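Asker:
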Amino acid sequence: MNLRIGRRSGFVIPGPADGRDARAKQGGTMYVRMTTLTFRVDRADEGIRLFEESVVPAARAQKGFRAAYLLADRQAGRCVALTFWDDEASALANEDNRYYQEQLVKFMPLFTSAPVREGYEVAVEAR
13 MNLRIGRRSG FVIPGPADGR DARAKQGGTM YVRMTTLTFR VDRADEGIRL FEESVVPAAR
73 AQKGFRAAYL LADRQAGRCV ALTFWDDEAS ALANEDNRYY QEQLVKFMPL FTSAPVREGY
133 EVAVEAR
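Sequential numbering from 13 applies to the sequence shown in our numbering.
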């Protein structure tokens, strides 16, 4: 199984199965955008469905997209959304073209506080 470990994130996630990891070995740095969300507990399933059916397809259409994960603690009303990009420029470009903001707006009725966005380079990759 392919594993990637994000610097300071503490999350271990499966790597891509399509061989795009060769770029990282050639000096490219994969980048992760981590968005922490707090949501209404009674609408957790709705948020998860929205991420899977709307955010993921929109992300796949973005240049440099690698993967997306949504980690959920339904009882606490917390989620962490992780999106993986070929590089930092790709992640920033989809903020400039408003993709990221358009996705957050879809979740506004579910939030109990403002989302927190952070970005990380993938500093260690283990296979």
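From the three backbone atoms N, C-alpha and C, an ideal C-beta is built for every residue, glycine too. Keep in mind that this is a model prediction, so the values were computed, not measured.
#1: Quick check: what's the CA-CA separation for THR48 versus ARG129?
#2: Drop a sphere of 10 angstroms on the beta-carbon of SER102, count the other beta-carbons inside from all chains shown, and report buried for 16 or more, exposed for fewer.
#3: Identify the continuous beta strand (DSSP E) that holds GLU64 and give its terminal residues.
#4: Which stretch, first to last residue, makes up the beta strand (DSSP E) that contains ALA73?
#5: Based on the DSSP secondary-structure assignment, which residues constitute the bridge partners of GLU130?
#6: Excluding the 5 residues preceding and the 5 following VAL2 in the sequence, name in chain order all residues of the same chain whose CB lies nearer than 6 Å to its CB.
#7: Here's the rule I'm using: 16 or more other beta-carbon atoms within 10 Å means buried, otherwise exposed. How should ALA71 be labelled?
#8: What do you reckon, are the CB atoms on GLU64 and LEU82 nearer than 9 Å?
Answerer: So, to answer that:
#1: 7 Å
#2: buried
#3: Segment: none, GLU64 is in no beta strand (DSSP E) and carries neither H nor E.
#4: Where ALA73 is concerned, there is no enclosing beta strand (DSSP E), given that its DSSP letter is neither H nor E.
#5: MET46
#6: For the chain, the structure presents residues 13 to 139; residue 2 sits outside this window and is missing.
#7: buried
#8: yes
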